[in-house]
Amino acid sequence: MSLFRLVLVVVIIYLGLLFSGYGVLIGSDKNAAGIGLQCKYLTARNIVTAQFINGENGIIGVSNCPLVKKLAITYLNNQTAGLLSIRRLLTHFRW
1 MSLFRLVLVV VIIYLGLLFS GYGVLIGSDK NAAGIGLQCK YLTARNIVTA
51 QFINGENGII GVSNCPLVKK LAITYLNNQT AGLLSIRRLL THFRW
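Residue numbering for the sequence shown follows the UniProt record's numbering, beginning at 1 and increasing consecutively.
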């Protein structure tokens, strides 16, 4: 029963990432002599790389990569993520 719950949680998280367009941080590297910060995010579709200006104090640029970031446009009508109801989702696909 616990394996079923684990799979259910993973499926819910995957669907949340798919419909929202958000990504979760999986890695970061400094580049360009420490001036740039390269962050890698796992989305429901692929791995996306985002570039930021690195500022140690956080005033100019960012000191760390954000843990969760909006990266993608959802595939439903090419609209950004919002509060999508099940009814709107079902009416999008003509059964």
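Using N, Cα and C, we set each Cβ at its ideal position, and we do this for glycine too. Treat the numbers as computed from the prediction; the structure is a model and nothing was measured.
| field | One or two residues paired with I47 in a DSSP bridge | value | As a first step, residue 47 is located in the sequence shown; it is residue number 47 there, counting from the start. Partner(s): L42.
| Can you tell me where the alpha helix (DSSP H) with V11 in it begins and where it stops? | As a position in the sequence shown, residue 11 is number 11, starting the count at 1. That run of the alpha helix (DSSP H) goes S2 to S20.
| Which residue's Cα is closest to the Cα of V48: L8, G27 and G16? | To locate residue 48, count along the sequence shown from 1; it is residue 48. Looking at the Cα atoms, G27 is the closest of the given residues.
| request: Give the DSSP-derived three-state secondary structure of L83 in the structure shown. | output: Looking up residue 83 in the sequence shown gives position 83. Unreliable positioning characterises L83 in this predicted model, as indicated by a pLDDT of 42, which lies under 50. A coordinate reading is not provided.
| What's the C-alpha gap between V24 and V7? | Here residue 24 refers to the residue found at position 24 of the sequence shown. Here residue 7 refers to the residue found at position 7 of the sequence shown. The straight-line gap from Cα to Cα measures roughly 19 angstroms.
| Separation of S20 from G34, as counted between CA atoms | As a position in the sequence shown, residue 34 is number 34, starting the count at 1. As a position in the sequence shown, residue 20 is number 20, starting the count at 1. For G34 and S20, the distance between alpha carbons rounds to 32 angstroms.
| Span of the beta strand (DSSP E) holding V62? | By one-based count along the sequence shown, residue 62 stands at place 62. Neither: V62 is in no beta strand (DSSP E) and is coded neither H nor E.
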